[in-house]
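Sequential numbering of the sequence shown, starting at 1, is according to the UniProt record's numbering.
The C-beta atom is built at its ideal place from N, Cα and C for all residues, glycine as well.
Given the structure is predicted, the values throughout are model-derived calculations rather than measurements.
Right, one structure below, let's go through it.
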Amino acid sequence: MKKSNSKTYQLVIISILAIAVIYFIINMVLTGVGLDFSLLWHWVFIICFIFTTLANVKEKRAIGTAIGLSGILICVTSIVLMAI
1 MKKSNSKTYQ LVIISILAIA VIYFIINMVL TGVGLDFSLL WHWVFIICFI
51 FTTLANVKEK RAIGTAIGLS GILICVTSIV LMAI
């Protein structure tokens, strides 16, 4: 029974994170303003999020994987907005 509750909590947390990230990305696109970092820092964060994601995938941690993927998505969206 505890395992079922744990999965439910994970899904709730991941869903809240997904909604927040989608809102943040839509807000960035509509305003046309990305993150306030230089291009170098964007790539540093993307590399760190990639390693975080890979480590969490290896350990089968859903919340950590979702955080890593969210960070990658936000940084890539910001780079695209900087390029436009």
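Looking only at C-alpha atoms, which of the options sits nearest to residue i?
i, options, result
"residue 70", "11, 39, 4 and 20", "20"
"residue 13", "66, 36 and 41", "66"
"residue 44", "25, 55 and 79", "79"
"residue 74", "25, 41 and 56", "25"
Would you call residue i buried or exposed, if buried means 16 or more other Cβ atoms sit within 10 Å of its Cβ?
i, result
"residue 4", "exposed"
What span of residues does the alpha helix (DSSP H) with residue i cover, start to end?
i, result
"residue 70", "62-83"
"residue 44", "39-58"
Helix, strand or coil, according to DSSP, for residue i in the structure here?
i, result
"residue 33", "coil"
>> Count Cβ pairs between the region 39-52 and the region 14-29 that sit closer than 8 Å; are there 3 or more?
In response: no
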